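Here the structure is laid out as structure tokens; the discussion comes afterwards.
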Amino acid sequence: LKNIKKMTQEQTVSLLSPQEVPEFIKKTFDHYFGNYNYMKDNFLQEQAKAGEDGWVDLTIFEKFKKVSEYIKSEELRSYVIEGLKNGKYFIFDEEKKAVKRNPDIPLPESSILYWQGCKNRTAFLKGFPLDATLDEIIKYCEQYGCVENVSKHTNHQTKEFKGSVFTIFETVEEMEKALKGTEKFGENEISRMSREDYMKEIAEENKKKKEESKQMKENKNKGIEDSVSTPTFKAGNVLALTGLPEKVNLNDIKAYFKLFGDCAFVQLEGDGKAKVRFAGETENIAKEVLEKALKDGEGKLKLFTDSGNVEARILTSEEEEDKCYVEELNARTFLIFICLIKLIYLICFSYRLTVDSLSNHNEHEKAHQSINKEETAKEAYGKHETENLSKQYSKLLHIKRREQLNSVQNYKKQKDTVKQLINAIRKVLVEDKNILSNVEINNIEEVLSDKSVIRDNFARVVENIAFYGDITLRFPLQSGIKYNKDIEFKSAVNWAYDFSNNFSYLYDNGTLKMLNLFAQELTIIPREADYHNPYDIKNIKEDLIREASLKMKKEIEEKKRAKKEASLKIKKDKSQHNEFTMVILGKKQLMDCYDDGDLDLSSLKLTQPPLYKDLVALPAFTTIDLSSNLISCLSNDFCLLVKLTKIDLSKNQLTVLPDNFGALVNLRKLDLYDNKLKDLPLSFGRLHNLKWLDISGNPINEDLLMVAGKDQGNKQYETSALNIVAYMQKRKEKKDKENKEARNANKKKNKEALKEVNNLINENLEGKERYRVEKQQPKKKESTKNGKNNEPKDDLPKGKKELNNQKTTTKDKSKTCGFFCNLISSAVRLTVILGLIYSLLLGYNCHQYSMSPRNVFLPRSELFCKDALKSLETRTLAPTLGSNLNRAVIGSYDKFVLPKVNFVSKKLDEMGVKDHLVSATNFVHTKTVSGALFAQKVVSQGTVSIQKWYNKEGFKYFEAFKKAALETLRFVVDTIFSIAEWLVEFFTPIFEKIADLVVLLINDREKFFNRVSQYWNEAKESVASRT
1 LKNIKKMTQE QTVSLLSPQE VPEFIKKTFD HYFGNYNYMK DNFLQEQAKA GEDGWVDLTI
61 FEKFKKVSEY IKSEELRSYV IEGLKNGKYF IFDEEKKAVK RNPDIPLPES SILYWQGCKN
121 RTAFLKGFPL DATLDEIIKY CEQYGCVENV SKHTNHQTKE FKGSVFTIFE TVEEMEKALK
181 GTEKFGENEI SRMSREDYMK EIAEENKKKK EESKQMKENK NKGIEDSVST PTFKAGNVLA
241 LTGLPEKVNL NDIKAYFKLF GDCAFVQLEG DGKAKVRFAG ETENIAKEVL EKALKDGEGK
301 LKLFTDSGNV EARILTSEEE EDKCYVEELN ARTFLIFICL IKLIYLICFS YRLTVDSLSN
361 HNEHEKAHQS INKEETAKEA YGKHETENLS KQYSKLLHIK RREQLNSVQN YKKQKDTVKQ
421 LINAIRKVLV EDKNILSNVE INNIEEVLSD KSVIRDNFAR VVENIAFYGD ITLRFPLQSG
481 IKYNKDIEFK SAVNWAYDFS NNFSYLYDNG TLKMLNLFAQ ELTIIPREAD YHNPYDIKNI
541 KEDLIREASL KMKKEIEEKK RAKKEASLKI KKDKSQHNEF TMVILGKKQL MDCYDDGDLD
601 LSSLKLTQPP LYKDLVALPA FTTIDLSSNL ISCLSNDFCL LVKLTKIDLS KNQLTVLPDN
661 FGALVNLRKL DLYDNKLKDL PLSFGRLHNL KWLDISGNPI NEDLLMVAGK DQGNKQYETS
721 ALNIVAYMQK RKEKKDKENK EARNANKKKN KEALKEVNNL INENLEGKER YRVEKQQPKK
781 KESTKNGKNN EPKDDLPKGK KELNNQKTTT KDKSKTCGFF CNLISSAVRL TVILGLIYSL
841 LLGYNCHQYS MSPRNVFLPR SELFCKDALK SLETRTLAPT LGSNLNRAVI GSYDKFVLPK
901 VNFVSKKLDE MGVKDHLVSA TNFVHTKTVS GALFAQKVVS QGTVSIQKWY NKEGFKYFEA
961 FKKAALETLR FVVDTIFSIA EWLVEFFTPI FEKIADLVVL LINDREKFFN RVSQYWNEAK
1021 ESVASRT
């Protein structure tokens, strides 16, 4: 069968005349793109798939021997194009210089019934000369009608033409017209018959060959009967049993009597009767065995006691002769011997017949004859067309199943095509389910007839459910993911399985067993206790490796325990600790679990979810299934997957959810069934899109349980989600209110502490003033003693003068301080304004980046925009946000500011400003050095004097200043914290709303505009109510 090759087009020595080229090209391309050839020509189909929209470039046909010379010829190019313009099964684009199959003529479904229809339209013509060309034969056949295919009959070994062909006509009427024709081919008469009649002739010939070989074999084996020796038996060694149940196992009877003797043979006779023979050289062995059995059972046989009493008696020699027991056993032995010989002969003879029949029909000149050859070989063993349609279809289905099994084995090497196959099967089953589920099938013969409308739909369901079963057993992971995730496909598969069970007589035994395993694999029916998938070699190897590793671990532990009995308790703890090994999936394993936006990681014994970097590397997915694992906690990074809409965490060991779980704002369905959760995080109230929630099976607190509802159901899960989100939102508001009250209490404490500090400062100032006044009083007393009575009056204006002098000095100081303060404040204002402008530019730049990364206009700001959008989505600062902001600022400075600075410096250099600056810098440098030396001298002297003053009385002031500075610092810190808390309290809801709006702007523009219009209406209502 491997020698089958493509159709060889005969190339004449001389080309056709230019006038004959258009018709020749039209006919040839109609054959290439016709139903029969196009469905079998894999090369042409691959070129159509590779081309744009199914177009095949005209240069591809230069490889086709029959038309290559015409397409390559520049002189005949116009005639070739003329012939390509009027095709039936193809269309031609003159601009593209390409051809494709006519889309107006749909391609038939490649099913068993279609190929059976091709056989019904096939005529067998014999009598052509051996030197006749294929073109001459096709021209001869076309006088009866449109020809789809002509296959020449050649010798299998010599490849010589036998003078006969198989011709497939477009209709049955055209085929019948060809059978009735009497036209000669030249001078040769052509014998005609249908393909069915031809196959009947071959079947009769093979039947005759079988009978002849059978007679020859019987003649050879005539003397075998005499050569077979007859075994002899002793009398009294056979027991006759009565009262046996309907279903009896011979091994049970044999095992029971072997307890008391050598039981050699057991024969069931029906109606609860059986014969038991015992081996031995003496007679009456059965009597001894019966006595032992009755003694052991206290007068009864302990055999099938549940179904009643079993009685036994010893057969006499006369009864054995009447029953011909020995002769029957001898005949059975002889028949077994004969059957073995015949079986060996039939195997050899069937192999020779297969080779002969294939050699008679091997050389079709057209492409892809593997199916026809297999069917010919099957029909050569005596198929008769008198069988009903269901038996015919059952045999054809058996052939189709062989092809499907071969294709599945090839797909093992091409796992990428498995998904495409499953999608194709899904499409077929869903479409045919919608058609056949509304039709009641009472007569299978009517369904399989040519007039039936649903014949093709019926065949596709029966064939494709078996094909899907083969794929499922060999690729259980990929098939199971598609089956479990796609609800429509799941219902279609279940329906197709039930539908095919109604017509199980169409399948062979191997296919029925496969369908049973397939149904257990997908749990369509309950799995048996000893079920295993014999086709999933990978799982079998993994189980064997796992068992071997566990066995090795046990052996190692036993050795360690034997060596160190003193540390037995410690070793037990370590072994228990090692049982929970960490299981994490890598990128390749994650890709195996990924399927069309879904990630199925259920029942993999994971101790923690996959790493965030590995999950981000996968294609975009919105559903993740982590059920039936050993996960005890989730990382904060897991909540950064904000595009998730469905999460299944049921049957795990979760004790707490991350605090930032509310970042999953797009989550719609969450399953937390059977975990160890006692409470939910406060951020849970931000999951406004959550529509389905299951928290049953968790030791949650009573308040949350009352909100969720104790009786969980499908409808209750939806209401539970809404109630719990609202409840957690209220709890968050309550918690925020408590925090606000605590902050207000801290503010009051800080204010009281501030008052105390002010009082202390005022007391210190008053004490200093008193001390100064008390110091001046002794001087006044001395002046009065000296007789200067008028001096106090003069002192008043002096005090006023001193006060005026102090005011003037403070004014001068305030002027200088005011200048510097104004300078600093103006610099700060300018910096803030520039910062705001640059922030607006960065914000607009990030908006452009969200639309498309190519729209960024600020240099080196792509990474900052990416981190900023990520931070807005997750409500957490990215660790690289600061460095990327610095990079963006430096890039903007280098592009916009630095060129202008360089330009200004260049102009200043041209004006000579640089020379003046250098001289000024040198002057300042020299003066600075001299000033520094003078300051060093003064500082050294001042340090000595300050040290003396500190040792004498300065330490008192230093301690007081230190105490006051600490109190002031504490006051400043508390004030800063209170301001920060107020800012957080004030701006947090605003930032959360802005972040939600940004997420909606990226994911759902319509919701974004609705939310903005809602805020705008609320603002207008609040303004209107206040006015």
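Letter by letter, the sequence shown follows residues 1 to 1027 of full-length UniProt numbering. Ideal Cβ positions, reconstructed from N, Cα and C, are used throughout, including at glycine. Because the structure is a prediction, the values reported are computed rather than measured.
Item: Where alanine 878 sits in the DSSP three-state scheme; Value: coil
Item: Aspartate 432 classed as buried or exposed, judged by whether at least 16 other C-beta atoms fall within 10 angstroms; Value: buried
Item: With 16 other Cβ atoms within 10 Å as the buried cut-off, status of lysine 678; Value: exposed
Item: Selection from Lys88, Gln19, Phe977 and Asn758 that minimises the alpha carbon distance to glutamate 148; Value: Lys88
Item: Selected residue, minimal CA-CA separation from glutamate 173, among Arg121, Val67, Asp536 and Asp592; Value: Arg121
Item: The stretch 822 to 830 / the stretch 840 to 859 touching (three or more Cβ pairs under 8 Å); Value: no
Item: Strand pairing of arginine 770, partner residues [DSSP]; Value: Arginine 770 is not bridged to any residue.
Item: Residues near alanine 721 by beta carbon distance below 7 Å, same chain, minus five either side; Value: Leu690, Lys691, Trp692 and Leu693
Item: 8 Å contact criterion, which proline 108 and tyrosine 114 should meet: CB distance rounded; Value: 5 Å
Item: Residues near arginine 860 in its chain [Cβ-Cβ closer than 6 Å; skip 5 each side]; Value: Arg887, Ala888 and Gly891
Item: Validate contact between the stretch 172 to 188 and the stretch 202 to 215 using beta carbons, cut 8 Å, 3 pairs; Value: no
Item: Helix, strand or coil at glutamate 225 according to DSSP, with G and I counted as helix; Value: Reliability fails at glutamate 225, whose pLDDT of 45 lies under 50, so the model's placement of it is uncertain and the value that follows must be treated cautiously. Helix, per DSSP.
Item: Validate contact between the stretch 693 to 704 and the stretch 739 to 750 using beta carbons, cut 8 Å, 3 pairs; Value: no
Item: Simplified DSSP assignment, three categories, for asparagine 149; Value: strand
Item: Proximity winner among Arg277, Thr242, Val289 and Glu291, relative to residue 1069 (alpha-carbon distances); Value: Not covered by the structure: residue 1069. The range shown for the chain is 1 to 1027.
Item: Inter-residue spacing [alpha-carbon to alpha-carbon] between valine 855 and leucine 881; Value: The identity of residue 855 in the sequence shown is asparagine, whereas the question assumes valine. Roughly 20 Å separates the two Cα atoms.
Item: Contacts around phenylalanine 1009, its chain only, beta-carbon distance under 8 Å, and the 5 residues preceding and following it disregarded; Value: none
Item: Cβ-based neighbour list, valine 430, same chain, cut-off 8 Å, excluding 5 preceding and 5 following; Value: Glu488, Phe489 and Ala492
Item: Neighbourhood of lysine 676 by C-beta distance below 7 Å, restricted to the same chain and skipping five residues each side; Value: Gln653, Leu654, Thr655, Asn698 and Pro699
Item: Cβ pair alanine 312, alanine 235 closer than 8 Å; Value: no
Item: CA nearest to the CA of aspartate 306, picked from Lys937, Lys247, Gln777 and Phe29; Value: Lys247
Item: As assigned by DSSP and simplified to three states, the class of lysine 800; Value: Low confidence applies here, because lysine 800 scores a pLDDT of 45, under 50, leaving its location unreliable; read the following figure in that light. In the structure shown, lysine 800 sits in a helix (DSSP, three-state: H, G or I).
Item: First through last residue of the alpha helix (DSSP H) which encompasses serine 164; Value: Per DSSP, serine 164 belongs to no alpha helix (DSSP H); it is in the beta strand (DSSP E), 161 to 169.
Item: Minimum C-alpha distance to lysine 474 - residue among Leu515, Tyr535, Asn516 and Leu506; Value: For the record, residue 474 in the displayed sequence is arginine; it is not lysine. For arginine 474, the nearest C-alpha among the options comes from Tyr535.
Item: Nonlocal neighbours in the same chain, by C-beta distance under 6 Å from glutamate 385, ignoring five residues either side; Value: For glutamate 385, the predicted model reports a pLDDT of 39, less than 50, meaning its position is unreliable; a value from the coordinates is still stated below. Result list for glutamate 385: Glu196, in chain order.
Item: Limits of the unbroken beta strand (DSSP E) element including tryptophan 692; Value: 692 to 694
Item: Proximal residues to glycine 54 (C-beta, below 6 Å), its chain only, five neighbours per side dropped; Value: Ala48 and Lys100
Item: Contact under 8 Å by Cβ, leucine 125 with threonine 158; Value: no
Item: Distance, lysine 419 Cα to phenylalanine 467 Cα; Value: 14 Å
Item: Leucine 568 (DSSP reduced to helix, strand or coil); Value: Here the model assigns leucine 568 a pLDDT of 39, short of 50, so the residue's position is not dependable, and the following value carries that caveat. Helix.
Item: Chain-order list of residues whose beta-carbon lies under 8 Å from that of isoleucine 60 (same chain, five-residue window excluded); Value: Gln47
Item: Neighbourhood of leucine 640 by C-beta distance below 6 Å, restricted to the same chain and skipping five residues each side; Value: Thr874
Item: Range of the contiguous alpha helix (DSSP H) that encloses aspartate 456; Value: 455 to 474
Item: Simplified DSSP assignment, three categories, for phenylalanine 304; Value: coil
Item: Supposed contact pair serine 635 and aspartate 648 - C-beta distance, whole angstroms, cut 8 Å; Value: Not really, about 18 Å apart at Cβ, beyond 8 Å.
Item: Other residues of its chain near proline 18: CB distance less than 7 Å, five sequence neighbours each side excluded; Value: Leu76 and Tyr79
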